[in-house]
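Heads up, the final residue of the sequence shown is numbered 452 in the numbering used here, and it's a clean run with no missing numbers.
Each residue gets a CB set at the ideal place from its N, CA and C atoms; glycine is no exception.
Working notes, structure below.
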Amino acid sequence: MLARLRRVPFGAQVLLALVVGVALGFVAREMGTVSDGSPNWLTSTLQTIGSSFVSLLKALVPPLIVTAVVVSIANLKQVSNAARLAGQTLLWFAITALIAVAIGIGLGLLTEPGSNSSVDASSAQDVGTTGGWWDFLKGLVPGNILGLQASAGADGSVGLSFNVLQLIVISVAIGVAILKIGAAAEPFLNLTRSALAVVQKVLWWVILLAPIGTVGLIGNAVASYGWDSLGSLGVFAGAVYAGLALVLFVVYPVLLRAHGLSPLRYFAGAWPAIQLAFVSRSSIGTLPVTERVTEQNLGVPRSYASFAVPLGATTKMDGCAAIYPALAAIFVAQFFGVDLSITDYLLIALVSVIGSAATAGVTGAVVMLTLTLSTLGLPLAGVGLLLAIDPILDMGRTAVNVAGQALVPTIVAKREGILDVERYNSTSPVEPLATVEEQDGVDADLRRPASV
């Protein structure tokens, strides 16, 4: 049975899970709540399955980031144009973010979502925290070697979480130190390579559960939110998804065509990661799949992809940090009757291009939005108006984020002449969920230095 299921393409498994999840979600919604107002047994089950899958992914991503970045930085000693590759990557991150935020501003002015909203201002929720430039700067400085940060719960409990941006900083520092030390650091580097192979293997075991996790995540979203909450914010939600569609299906294909690459081949190769991002709502959780399809399907060399993709997973967010905050800032301004000037629109673009890394310092699009509103001097209470539909919007935002994280390394590799064009143009993309034997071969390759 398992052998037959493994022969089913990963994309087909996820699509089937999407359909099943939506169906179960509607069933759970029709069942309503129990007498005390708590979710029914089916909604609770779907929520538990979905959250458990995402938790497993997130738990394993920190060691993946540390080992992958350390090894990739160490392997850059074999690359003659490492500095140029890093510069080109950051440049194209900024270029695509600027295009995305321009689309967001344009759609905001065209659709006027704040003026065409029936949402009640009294429904605004307390966002709990506000984003700012200090959040970004403090997020760059590691508080400890593990990148751990503590947060207090309402019940007095203390929770620990990893700060991804700090993990990147720590890993880059260790990788550079290995380069400087040279031969004396080889035993440590070999141990890190072995750890990377082990982490990759465990992560792929977790990702085998993606179809089950998809049923839980989508089913819970439908059961918990349905379509009711979209009514009062329909124009805003429609504008956000229109912007995401324009970036994903117009801007990205145009950029690919401009570099002599087939958009159809790109989507065929990157689609497994885009699908998983849509259902998991986590760029970091999707990182293993994004990195694998970028290397194996899009032809980006491993030594470059293992640097660019993890970096993109924390700082390259065309959905969460460009389109969404631009549209949301315009929504808030229109809703509260604040007129924005040309300078304000330029500030929105500046914050979106430069400040997206701040989302890794705290959490998600809410922080990026509060950062934008703080810069413009707009009421932060406007954030609470949009929280009701945030999970629905976050699925599309994360899919576009991940698509951009695979796109930029592909474009840069093509511009620098290091892209495996034959692999990119292959009509048979490699399934990210390969057979055990194929995975063992890939994992073994991770123990060998890669070059471009």
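CA-to-CA distance, residue j to residue i, given in whole angstroms
i, j, result
"Ser341", "Ile330", "11 Å"
"Pro288", "Val169", "19 Å"
"Leu179", "Val69", "13 Å"
"Leu393", "Val240", "7 Å"
"Lys58", "Ile284", "7 Å"
"Arg397", "Gly382", "19 Å"
"Val20", "Gln88", "42 Å"
"Ala237", "Gly404", "21 Å"
"Asp344", "Val14", "42 Å"
"Val351", "Leu373", "10 Å"
"Val176", "Thr214", "38 Å"
"Thr375", "Gly25", "39 Å"
"Leu191", "Thr67", "10 Å"
"Val250", "Leu167", "34 Å"
"Ala326", "Asp36", "40 Å"
"Ala453", "Ala245", "What is shown of the chain runs 1 to 452, which leaves residue 453 out entirely."
"Asp126", "Leu378", "Because the pLDDT of Asp126 is 47, which lies under 50, any placement of that residue in the model is unreliable, and the number read from its coordinates should be weighed accordingly. Going from the Cα of Asp126 to the Cα of Leu378 covers about 15 Å."
"Leu311", "Thr290", "12 Å"
"Pro113", "Ala94", "26 Å"
"Ala399", "Leu256", "18 Å"
"Ile323", "Asn40", "36 Å"
"Pro263", "Tyr304", "21 Å"
"Ser428", "Pro409", "21 Å"
"Arg292", "Gly106", "35 Å"
"Leu298", "Pro9", "18 Å"
"Met368", "Cys320", "7 Å"
"Ile461", "Met395", "Summary: the structure shown does not reach residue 461, with the chain confined to residues 1 through 452, and so no result is reported for it."
Closest residue to residue i among the options (Cα-Cα distance)
i, options, result
"Val141", "Ala173, Pro113, Thr111", "Ala173"
"Gly32", "Leu196, Val222, Val202, Gly213", "Val222"
"Ala97", "Thr375, Phe335, Gly234, Leu407", "Leu407"
"Asn75", "Ile348, Phe307, Pro429, Phe93", "Phe307"
"Gly108", "Ser426, Val412, Phe335, Val402", "Phe335"
"Val54", "Glu416, Gly216, Leu385", "Gly216"
"Leu196", "Met317, Val61, Asp420", "Val61"
"Ser171", "Gly269, Ile65, Gly106", "Ile65"
"Ala453", "Val400, Ser303, Gln275", "Residue 453 lies beyond the stretch modelled for the chain, which goes from 1 to 452, so this question has no answer here."
"Gly337", "Ser115, Val293, Ser224", "Ser115"
"Ala413", "His259, Asp339, Ala322", "His259"
"Val27", "Ser224, Pro187, Ile105, Gly104", "Ser224"
"Ala100", "Ile348, Pro310, Ser38", "Ile348"
"Thr111", "Leu385, Arg29, Ser426, Leu233", "Leu233"
"Glu295", "Ala270, Leu91, Trp205", "Ala270"
"Ala23", "Val34, Leu386, Leu42, Ile95", "Leu42"
"Val402", "Pro429, Thr286, Gln47, Ser262", "Thr286"
"Ile103", "Gly243, Pro187, Pro391", "Gly243"
"Thr459", "Ser38, Pro63, Trp92", "This structure does not reach residue 459, given that the chain is present from 1 up to 452, and the question cannot be answered."
"Val198", "Asp318, Leu189, Pro63", "Pro63"
"Val300", "Asp420, Leu85, Leu248", "Asp420"
"Ser280", "Ala210, Ala313, Ala268", "Ala210"
"Tyr252", "Ala185, Ile411, Gly219, Ala184", "Ile411"
Simplified DSSP assignment, three categories, for residue i
i, result
"Pro39", "strand"
"Leu16", "helix"
"Met395", "helix"
"Phe336", "coil"
"Ile348", "helix"
"Pro272", "helix"
"Gly260", "coil"
"Val300", "coil"
"Gly417", "coil"
"Lys316", "coil"
"Gly361", "For Gly361, the predicted model reports a pLDDT of 36, less than 50, meaning its position is unreliable; a value from the coordinates is still stated below. Correct three-state label for Gly361: helix."
"Thr427", "coil"
"Val235", "helix"
"Glu112", "coil"
"Pro142", "coil"
"Pro9", "coil"
"Asn81", "coil"
"Leu244", "helix"
"Ser282", "coil"
"Gly182", "helix"
"Gly104", "helix"
"Ser341", "coil"
"Leu455", "Any question about residue 455 goes unanswered here, given that the chain covers just 1 to 452."
"Pro310", "helix"
Beta-ladder partner(s) of residue i, from DSSP
i, result
"Thr33", "Pro39"
Residue i: CB within 7 Å of a non-hydrogen atom of the ligand SAH
i, result
"Val71", "As for the ligand SAH, it is missing from this structure, which has no ligand bound."
Practice problem: Can you check the region 36–75 for any alpha helix (DSSP H) of at least 4 residues that lies completely inside it and give the ranges in chain order? | Solution: Complete alpha helix (DSSP H) runs here, min 4: 41–75.
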